[in-house]
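To keep things clear, I will list the structure first and then write my remarks on it.
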Amino acid sequence: MPPEPGLPLIGRAAEEVICHRAGGLVTVGRLLAEATTLAAQLPAAGHAVNLCTDRYRMLLGFVAALLRGHPTLLNADASAHRLQALAGQYPGTYLLADAPVATSLPVIRVGEVEAAAGHIAPPLLPADRIAAIAFTSGSTGQPTAHRKPWGALVAAARAAAERFTLRHGDGPPSSILATVPPQHMYGFETTIMLPLQADVACHAGESFFPSDVLDALAALPPRRWLVTTPLHLRALLAEGRRPVPLAGVISATAPLAPNLAEAVERDWAVPMLEIYGASEAGSMASRRSAREADWLPYPGIRMGVEEVEVPGLGAVPLADAIEPTAGERFRLLGRRADLVKLGGRRASLAELNRLLAEVEGVADGVFLAPEDIESNPAARLSAYVVAPGRSAEDILAALRLRLEPVFLPRPLVLVEALPRDRLGKLTRAALRAMATP
1 MPPEPGLPLI GRAAEEVICH RAGGLVTVGR LLAEATTLAA QLPAAGHAVN
51 LCTDRYRMLL GFVAALLRGH PTLLNADASA HRLQALAGQY PGTYLLADAP
101 VATSLPVIRV GEVEAAAGHI APPLLPADRI AAIAFTSGST GQPTAHRKPW
151 GALVAAARAA AERFTLRHGD GPPSSILATV PPQHMYGFET TIMLPLQADV
201 ACHAGESFFP SDVLDALAAL PPRRWLVTTP LHLRALLAEG RRPVPLAGVI
251 SATAPLAPNL AEAVERDWAV PMLEIYGASE AGSMASRRSA READWLPYPG
301 IRMGVEEVEV PGLGAVPLAD AIEPTAGERF RLLGRRADLV KLGGRRASLA
351 ELNRLLAEVE GVADGVFLAP EDIESNPAAR LSAYVVAPGR SAEDILAALR
401 LRLEPVFLPR PLVLVEALPR DRLGKLTRAA LRAMATP
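With the UniProt record's numbering, the residue at position 349 of the sequence shown is 349, and numbering never jumps.
Next comes the structure, spelled out in structure tokens:
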């Protein structure tokens, strides 16, 4: 059989809007024309590290690298140490950036780009071409690389578009504003791949602080979607200002507490949706968090107990423990590495964190298991909690109503803040540092 001709770089018409910028709208045709010009400035071979904070320039650099045949390394860490480490692993590493970067590596500044003349049709790319390389967050150790073939990225984008009604014909075009960086797999899938394959335009500007997010949403046309994390949602709700009407709110990167999901639906009158995914497999399932405990896999995804079958990737081992439920759904039990056993009882640290977050007055909190929990019969869990105005005794009293005694934290330490990164994640190194006197 002859090989398949490939999959389109952009599955949209030239006149469709793909990005909202402060200076105006960007169409698919303009993106292709500018990316063609930028691609001619890239090295003949190599790997791109795209550090652009402007989401359109990130998109522009990604498309230019694809046109040149270069994989993009999805890395948001601009430290000299991390960049040198990547250069040592990937031949011909160069940077795409829209701000100065302290590095000895080649840097190509992505600013205003002159568009190539004439109409440019989106090329077809081989499904097995490695378009991106994603890295785990390092929350459980060193970041691990995962290669992303173009076919797998397109399949995931099309599945998400179907699940969230973002396809052509599902309604008016959608506008997406995200509080997560596009270099993270979640942000990359929702604000880079979706605009390339669905009836979606992303918001280009960086929006992090609650007031900026709410103002930027108000400037977008409907149907508006907010892509965010539990950490940002808490800050947005605390702002006390209701956003303009939204088609939906999507959260990922950490489990969403039921009370937080309910508050979004109640206060904003909008569906609160949650994505389950991982760097190694991409997005796999979703749920409406305030109404559903179980997850529904994306079209084409087949969940097993120990691995998941992903279109374009094949079988991928699951780092999380799951339990199949009715209607092809599943329940997430937490990371296998997070399952702890004390006094003959088992629990998931993720579930313990969820119950802690539901205690009144707790703004943030995390359970920690000691290194010797499997070998030391006297080992106990500890917890670090952000709860202004509450005492450790108050929180422990509330936890006694929710937890078996063996899982009560000893000690429970009140802190001003947890060392979360921009996505709300807590790395193992940060937790160890916090726990060290």
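C-beta atoms are modelled at their ideal positions from N, C-alpha and C, and glycine is treated no differently.
query	result
Whole-angstrom C-beta distance between residue 216 and residue 21, which should lie under 8 Å	Going by Cβ atoms, the distance from residue 21 to residue 216 rounds to 12 Å, so no, they are not a contact pair.
Residue range of the unbroken beta strand (DSSP E) whose run includes residue 286	282 to 288
Completely contained beta strand (DSSP E) runs for the stretch 72 to 109, where each covers 3 or more residues	72 to 74, 93 to 97 and 107 to 109
Three-state class that DSSP yields for residue 168 in the structure shown	coil
At least three beta-carbon pairs within less than 8 Å, the stretch 218 to 233 to the stretch 306 to 321	no
Inter-residue CB distance, residue 38 and residue 60 (contact presumed, cutoff 8 Å)	6 Å
Bridge partners - residue 407, DSSP secondary structure assignment	Answer by DSSP bridge pairing: none, since residue 407 is not bridged.
Boundaries of the beta strand (DSSP E) in which residue 330 is found, first to last residue	330 to 335
Rounded straight-line distance, which links the Cα of residue 124 to that of residue 6	5 Å
Nearest neighbour of residue 268, chosen from 374, 288 and 241 [CA to CA]	241
Distance between residue 291 and residue 27 (C-alpha atoms, nearest Å)	37 Å
Residue 92 versus residue 133: straight-line alpha-carbon distance, rounded	15 Å
Same chain only: Cβ atoms within 7 Å of residue 80, ignoring 5 sequence neighbours per side	102 and 103
Simplified DSSP assignment, three categories, for residue 375	coil
C-beta contact flag for residue 311 and residue 155 at 8 Å	yes
Segment limits, beta strand (DSSP E) that includes residue 316	314 to 317
Buried versus exposed, by CB contacts within 10 Å (16 or more), residue 110	buried
Sub-8 Å separation of residue 346 and residue 339 beta-carbons	yes
Distance, residue 406 Cα to residue 95 Cα	51 Å
Exposed unless 16 or more other CB atoms sit within 10 angstroms - verdict on residue 423	buried
Sufficient close CB pairs (3 or more, under 8 Å) joining the stretch 183 to 191 to the stretch 292 to 312	no
Residue burial classification, residue 89 (beta-carbon count within 10 angstroms, cutoff 16)	exposed
Contact the stretch 112 to 119 vs the stretch 28 to 37: 3+ CB pairs below 8 Å	yes
Cβ separation of residue 270 and residue 233, assumed to be a contact under 8 Å, to the nearest whole Å	Going by Cβ atoms, the distance from residue 270 to residue 233 rounds to 12 Å, so no, they are not a contact pair.
Separation of residue 417 from residue 381, as counted between CA atoms	19 Å
Cβ pair residue 229, residue 264 closer than 8 Å	no
Option nearest residue 131 by Cα separation, candidates 300, 152 and 328	152
Backbone secondary structure at residue 130 - three-state DSSP	strand
Residue 232 (DSSP reduced to helix, strand or coil)	helix
Nonlocal neighbours in the same chain, by C-beta distance under 7 Å from residue 2, ignoring five residues either side	Low local confidence applies: a pLDDT of 45 at residue 2 is under 50, so the model's placement there is unreliable, with the coordinate-based value given in what follows. Cβ within range, chain order: n/a, list empty.
Coil, strand or helix - residue 239 by DSSP	helix
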